[in-house]
Amino acid sequence: SQELEQSPQSLIVQEGKNLTINCTSSKTLYGLYWYKQKYGEGLIFLMMLQKGGEEKSHEKITAKLDEKKQQSSLHITASQPSHAGIYLCGADKSGTQGGSEKLVFGKGTKLTVNP
Amino acid sequence: EAQVTQNPRYLITVTGKKLTVTCSQNMNHEYMSWYRQDPGLGLRQIYYSMNVEVTDKGDVPEGYKVSRKEKRNFPLILESPSPNQTSLYFCASRGWSRAWEQYFGPGTRLTVT
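Taken in sequence, the protein lines are chains A and B. My numbering puts the first residue of the first sequence at 15, with every later residue one more than the last. My numbering puts the first residue of the second sequence at -3, with every later residue one more than the last.
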């Protein structure tokens, strides 16, 4: 079954710095999505990537799915304290394309942004 | 406002005392799911439902029950809670049109003593 490995597990950066979070899959990804969670709260959908090489942006957050579709990176430019939280990647557990409700998530990356 | 609501938000109970966590969505979504989140283990799927009267097990269904009698509601039932079910629980829903955009509830923090 699909496994998602996120790195790093935690990250502390100074406000204004850029950072990257990675999500690596054990199988080809047909849909990869990114969520943000504020501590102890629900998850907020950020974006979804489907095609190899696809890149999407949401405010200062950019995510890309590599050509081989087994890794995604999430990049934050000029980080702010409001970016702090836990970032999770998720995918269809079966590793097949679309529509399945059996979903798997990475364990998350905890981001701290110091002012 | 489009949202998923869960109740209660916080619950402390004792081993063996049956409880129900309610989940409701107002977006007419077909899919609904329950997850639990534990430190070091991440977010794991308990049960999901693809529509009314259609439910299936996720990764960690033991000790839980669900029902989907109405499209908007998807309660999670713990018939005989045990301490290892102490966790943060999330309900989520999504519709056909935006397949990957799940809406999550605010979470229910459950402690079983």
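Don't be surprised by glycine CBs; every beta carbon is placed ideally from N, CA and C.
Task: Asn3 (chain B), enclosing beta strand (DSSP E) - first and last residue - done: 0 to 3
- [ ] Please confirm if Gly67 (chain A) has its CB atom under 8 Å from at least one CB of chain B.
- [x] no
Open item on the list: Considering only their Cβ atoms, is the gap separating Ser86 (chain A) from Leu79 (chain A) smaller than 8 Å?
Closed with: yes
Task: 6 Å CB neighbourhood of Arg105 (chain B) in its chain, flanking five on each side removed - done: Tyr6, Leu84
- [ ] Find the nearest neighbour of Lys121 (chain A) within the set A:Asn32, A:Cys37, A:Ile26, judged by alpha-carbon distance.
- [x] Among A:Asn32, A:Cys37, A:Ile26, the Cα nearest to that of Lys121 (chain A) belongs to A:Cys37.
TODO: To the nearest angstrom, report how far apart Gln28 (chain A) and Tyr49 (chain A) are at their CA atoms.
DONE: 22 Å
Task: Selection from B:Asn47, B:Ser76, B:Ser78 that minimises the alpha carbon distance to Ser63 (chain B) - done: B:Asn47
Task: Counted within 10 angstroms of its Cβ, other Cβ atoms place Val10 (chain B) as buried (16 or more) or exposed - done: A residue is called buried when at least 16 other Cβ atoms come within 10 angstroms of its Cβ; Val10 (chain B) does not meet this threshold and is exposed.
TODO: Pick helix, strand or coil for Asn80 (chain B), following the three-state DSSP scheme.
DONE: helix
- [ ] List the residues of chain B whose Cβ lies closer than 8 Å to the Cβ of Gly122 (chain A), in chain order.
- [x] Gly38, Leu39
Open item on the list: If we define contact as Cβ-Cβ less than 8 Å, is Leu88 (chain A) a contact residue for chain B?
Closed with: Judged by the 8 Å Cβ criterion, Leu88 (chain A) is not in contact with chain B.
Open item on the list: Within the continuous beta strand (DSSP E) that includes Asp34 (chain B), where are the two ends?
Closed with: 27 to 34
TODO: Can you say whether Gly54 (chain A) is buried or exposed, counting buried as having 16 or more other CB atoms within 10 angstroms of its CB?
DONE: exposed
Open item on the list: Please identify, using Cβ separations under 8 Å, the residues of the region 52 to 76 of chain A that lie next to chain B, in order along the chain.
Closed with: Gly54, Glu55, Gly56, Leu57, Ile58, Phe59, Met62
TODO: For Glu140 (chain B), go through chain A and note every residue whose CB falls closer than 7 Å to its CB, in chain order.
DONE: In the structure as shown, chain B begins at -3 and stops at 109. Residue 140 (chain B) is therefore absent and cannot be evaluated.
- [ ] Compare the C-alpha of Gln64 (chain A) against each of A:Pro129, A:Gly104, A:Ala92 and name the closest.
- [x] Restricting attention to A:Pro129, A:Gly104, A:Ala92, the CA atom closest to the CA of Gln64 (chain A) is found in A:Gly104.
TODO: Please name the residue, chosen from B:Lys61, B:Gln81, B:Arg90, that lies closest to Gln33 (chain B) on a Cα-to-Cα basis.
DONE: B:Gln81
Task: Contacts of Pro102 (chain B) in chain A (Cβ-Cβ under 7 Å) - done: Within chain A, Glu55, Gly56 have C-beta atoms less than 7 Å from the C-beta of Pro102 (chain B), given in sequence order.
Task: Residues within the region 48 to 75 of chain B neighbouring chain C, beta-carbon criterion of under 7 Å - done: In summary, chain C is missing from the structure at hand, where the protein chains are A and B.
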